[in-house]
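Peer 1: Below you will find the structure I want to go over with you.
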Amino acid sequence: MRMEEKKKLIIQDGGQESEEWIQKHFMKQGEQTEIITETGKIQNCIGCFGCWVMTPGRCVLRDDYNRMGEKLGHADELIIISECIYGTYSPFVRNILDRCLPYIHPYFTKREKEIHHKARYQNRLKVSVYFYGECTPEEKETAVKTVRANVLNFNGILYHISFSESRDTILCAGEGMQ
Amino acid sequence: MKITMINGSPKAKNSASESLLSILKGYCNLAAPDLVLNKMVIEEENMAEIWKSDALVIAFPLYIDSVPSHLLRCLIQIEEYARLHGQERTSEETIKVYVVINNGFFQGKQNMPAIEVMQHWTKRCGFEFGQAVGVGGGGMINFIKNVPDGHGPKKNLTLALREMAGNILQKKSGETKVFELNYPAWAYKWQAEYGWRMAARKNGLKSKDLNKRA
Ligand SMILES: Cc1cc2nc3c(=O)[nH]c(=O)nc-3n(C[C@H](O)[C@H](O)[C@H](O)COP(=O)(O)O)c2cc1C
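In order, the protein sequences belong to chains A and B. Each position in the first sequence, counted from 1, maps to that position plus 5 in the numbering used here. Each position in the second sequence, counted from 1, maps to that position plus 1116 in the numbering used here.
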């Protein structure tokens, strides 16, 4: 039996000029990888819930980022590379995450004693987050809480979270902290 | 004293954030319209209003456990402005920040990471943090507008917003309050799910279409 190819989704805020570097360091042979990059126009979520009740599973806004639900639904691994700002992600990465609402289902379920949304897909994403940029210890703490909450929200599994001073030192930041 | 109420929901109409601000405005005896930040950029005249304020009251919905991305872009713009113009204000005149977040899930404590983000932002701007309120069950807020203050599902909300209004008027700080509406979780779940089915039907879909994978 042939093993199915693993699918990796990378969301990153370094623009198109960083793609080559990412391909070099984050892509492996035998894996399908897609990089989500800021290419130009991205719209912000307008809170219409069309992705739940109009075209379930797909965002109704017309730009290059309206299929994030399906993309997450068909991936095994999610890697986020983001500047850490005030203890959260950079605006582009936050924008993408807001547009990921179609990944989840409107119905509620209980997870770790908290109420969350039911999953629309059966996959459980293995999530790694590489933060970079200058941030205070308090901001780091908030960022860790945010990532944990996101992983629970998306019914994923947290695999790696790290902070480094700059994008260039991301890979020195160590592997696999839980 | 100039108090500016900012609605950070991207929804054009009927946002829960707007309802929460209108309750607060009632308690503060304020009539000025909200400053709406539903775009990625703050226009110049709005930035000037913000900068002239003694207190900012920022209301927004929780988006994927954080601050909606368009609002985050606006916050960065305010920080940049504050860095350029900071010396125009003395430390006694610093802007006091109050935050009201609502979220769709039942539990208000899920707003904590976003409250902390607002605190870190306040610090980076050189402003002072006043108080934060995080209320769960946001999907119901617009439906209880006519419930009298302090009654039924509004009990916790009235207490928290009255306290916050008192603090705003005196430019005082207060403890963070995260809580739920006084309403059973099972009923909230039932109503929300019923609401999604109805909304889907209105769009010509069947209930089971809610499970579609695009
Ligand atoms: C893109 C998006 C992401 C959301 N993420 C969350 C979330 O992580 N947790 C939560 O409790 N509610 C979440 N919600 C629900 C909103 O917080 C809720 O609907 C809120 O009442 C909207 O407030 P508003 O009417 O002021 O915009 C999300 C809604 C949208 C549109």
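Each residue gets a CB set at the ideal place from its N, CA and C atoms; glycine is no exception.
(1) Compare the C-alpha of Pro1268 (chain B) against each of B:Gln1247, B:Gly1290, B:Glu1296 and name the closest.
(2) Quick check: the segment 115–124 of chain A against the segment 165–172 of chain A, are at least 3 beta-carbon pairs closer than 8 angstroms?
(3) Taking beta-carbon pairs under 8 angstroms, can you tell me which members of the segment 1170–1199 of chain B lie near chain A?
(4) Select from A:His122, A:Ala148, A:Glu39, A:Gln127 the residue whose C-alpha is nearest the C-alpha of Ala17 (chain A).
(5) Along the beta strand (DSSP E) that carries Val1249 (chain B), what are the first and last residues, could you check?
(6) CB Gly1220 (chain B) to CB Gly1255 (chain B), shorter than 8 angstroms?
(7) Counting pairs of beta carbons, one from the segment 1288–1295 of chain B and one from the segment 17–31 of chain A, are three or more of them closer than 8 angstroms?
(8) Express the C-alpha separation of Ile86 (chain A) and Ser133 (chain A) in angstroms, rounding to a whole number.
(9) Enumerated in chain order, which unbroken segments of the beta strand (DSSP E) with a length of 3 residues or greater are wholly contained in the segment 91–178 of chain A?
(10) Using a cut-off of 7 angstroms between C-beta atoms, extract the partners of Gly78 (chain A) located in chain B.
(11) Consider the Cβ of Met59 (chain A): report whether some Cβ of chain B lies at a distance smaller than 8 angstroms.
(12) Let me know the alpha helix (DSSP H) ranges lying completely inside the segment 1274–1323 of chain B, each 4 residues or longer, listed in chain order.
(13) Beta carbon of Asn158 (chain A): closer than 7 angstroms to some heavy atom of ligand 1?
(14) Using a Cβ cut-off of 8 angstroms (strictly closer), state whether Pro142 (chain A) contacts chain B.
(15) Does the Cβ of Ala1132 (chain B) lie closer than 7 angstroms to at least one heavy atom of ligand 1?
(16) Is Asn1218 (chain B) close to ligand 1? I mean its beta-carbon at under 7 angstroms from any heavy atom of the ligand.
(17) If you draw a straight line from the alpha carbon of Gln1235 (chain B) to that of Cys53 (chain A), how long is it in whole angstroms?
(18) What are the residues of the segment 148–175 of chain A that lie near chain B, defined by any Cβ-Cβ distance shorter than 8 angstroms?
(19) Cβ of Ser1185 (chain B) versus every heavy atom of ligand 1: is any distance shorter than 7 angstroms?
(20) Give every residue of the same chain whose Cβ lies closer than 6 angstroms to the Cβ of Arg1189 (chain B), excluding the five residues on either side of it in the sequence, and list them in chain order.
(21) Under the three-state reduction of DSSP, which class applies to Ile1231 (chain B): helix, strand or coil?
(22) Just to make sure I have the definition right: I need the residues of chain B whose C-beta is within less than 7 angstroms of the C-beta of Asn100 (chain A). Which are they?
(23) Quick check on the burial criterion: 16 or more other C-beta atoms within 10 angstroms. Buried or exposed for Gln1226 (chain B)?
(24) Out of A:Phe159, A:His110, A:Ala154, state which residue places its alpha-carbon closest to the alpha-carbon of Lys1324 (chain B).
(25) Once you ignore the five residues that flank Met182 (chain A) on each side, which residues in its own chain have a CB closer than 8 angstroms to its CB?
(26) Answer with buried or exposed for Arg99 (chain A), where buried requires no fewer than 16 other C-beta atoms within 10 angstroms of its C-beta.
(27) Scan the segment 102–114 of chain A for residues whose Cβ lies nearer than 8 angstroms to a Cβ of chain B and list them as they occur along the chain.
(28) Helix, strand or coil for Pro1177 (chain B) per DSSP?
(29) Tell me whether Asp1150 (chain B) is buried or exposed, calling it buried when 16 or more other Cβ atoms sit within 10 Å of its Cβ.
(30) Pull up the distance between the alpha-carbon of Met6 (chain A) and that of Lys29 (chain A), whole angstroms please.
(31) Taking the DSSP output, what are the residues bridged to Gln1212 (chain B)?
(32) In the DSSP assignment, find the alpha helix (DSSP H) that holds Leu1140 (chain B) and state where it starts and stops.
(33) In whole angstroms, give me the CA-to-CA distance for Phe136 (chain A) and Tyr94 (chain A).
Peer 2: The short version:
(1) Contrary to the premise, residue 1268 (chain B) reads as Gly rather than Pro in this sequence. For the options B:Gln1247, B:Gly1290, B:Glu1296, the alpha carbon positioned closest to that of Gly1268 (chain B) is the one of B:Glu1296.
(2) Verdict: no, contact absent.
(3) For the segment 1170–1199 of chain B, which is checked against every Cβ of chain A, the residues closer than 8 angstroms are Pro1177, Tyr1179, Ile1180, Asp1181, Ser1182, Val1183, Pro1184, Ser1185, His1186, Leu1188, Arg1189, Leu1191, Ile1192.
(4) With the sequence shown as reference, residue 17 (chain A) is identified as Gln, and Ala is not the correct amino acid for it. Among A:His122, A:Ala148, A:Glu39, A:Gln127, the Cα nearest to that of Gln17 (chain A) belongs to A:Glu39.
(5) Note, Val1249 (chain B): beta strand (DSSP E), 1244–1251.
(6) The beta carbons of Gly1220 (chain B) and Gly1255 (chain B) sit closer together than 8 angstroms.
(7) The segment 1288–1295 of chain B is not in contact with the segment 17–31 of chain A.
(8) Our two residues, Ser133 (chain A) and Ile86 (chain A), have alpha carbons roughly 9 angstroms apart in a direct line.
(9) Fully enclosed beta strand (DSSP E) runs of 3 or longer: 109–116, 119–124, 131–137, 162–169.
(10) Correct list: Arg1329.
(11) Yes, Met59 (chain A) lies at the interface with chain B (some Cβ there is under 8 angstroms from its Cβ).
(12) Entirely contained in the segment 1274–1323 of chain B, the alpha helix (DSSP H) runs reaching 4 residues are, in chain order, 1301–1318.
(13) Correct: Asn158 (chain A) has its Cβ closer than 7 angstroms to ligand 1.
(14) Output row for Pro142 (chain A): interface = no.
(15) In terms of side-chain proximity, the C-beta atom of Ala1132 (chain B) is found nearer than 7 angstroms to a non-hydrogen atom of ligand 1.
(16) In terms of side-chain proximity, the C-beta atom of Asn1218 (chain B) is found nearer than 7 angstroms to a non-hydrogen atom of ligand 1.
(17) Between Gln1235 (chain B) and Cys53 (chain A), the C-alpha separation is close to 28 angstroms.
(18) Lys150, Thr151, Ala154, Asn155, Asn158: these are the residues of the segment 148–175 of chain A whose beta carbon lies less than 8 angstroms from some beta carbon of chain B, given in chain order.
(19) No, Cβ of Ser1185 (chain B) sits at least 7 angstroms from all heavy atoms of ligand 1.
(20) Annotation for Arg1189 (chain B): Met1156 place their beta carbon closer than 6 angstroms to its own, counting only its chain and skipping 5 residues before and after.
(21) Here Ile1231 (chain B) sits in helix by DSSP.
(22) Think of a sphere of 7 angstroms around the beta carbon of Asn100 (chain A): the chain B residues whose beta carbon falls inside it are Ser1185, in chain order.
(23) Around the C-beta of Gln1226 (chain B), 16 or more other C-beta atoms lie within 10 Å, and the residue is accordingly described as buried.
(24) Closest in C-alpha terms to Lys1324 (chain B), from the list A:Phe159, A:His110, A:Ala154, comes A:His110.
(25) At Met182 (chain A) the pLDDT is 48, less than 50, meaning the model places this residue with poor confidence; the figure from the coordinates comes in the next sentence. Leaving aside the five residues that flank Met182 (chain A) on each side, the residues in its chain whose CB is nearer than 8 angstroms to its CB run, in chain order, His165, Ile166, Ser167.
(26) Buried, because 16 or more other Cβ atoms sit within 10 Å of the Cβ of Arg99 (chain A).
(27) Taking 8 angstroms as the Cβ-Cβ cut-off against chain B, the residues of the segment 102–114 of chain A that qualify are Leu102, Asp103, Cys105, Leu106, Pro107, His110, Pro111, Tyr112, Phe113.
(28) Correct three-state label for Pro1177 (chain B): strand.
(29) Flag for Asp1150 (chain B) reads buried.
(30) For Met6 (chain A), the predicted model reports a pLDDT of 48, less than 50, meaning its position is unreliable and no value from the coordinates is stated.
(31) Residue identity check: residue 1212 (chain B) is Lys in the sequence provided, not Gln. Lys1212 (chain B) is bridged by DSSP to B:Ala1171, B:Glu1244.
(32) Leu1140 (chain B): member of the alpha helix (DSSP H) spanning 1132–1144, first to last residue.
(33) The straight-line gap from Cα to Cα measures roughly 8 angstroms.
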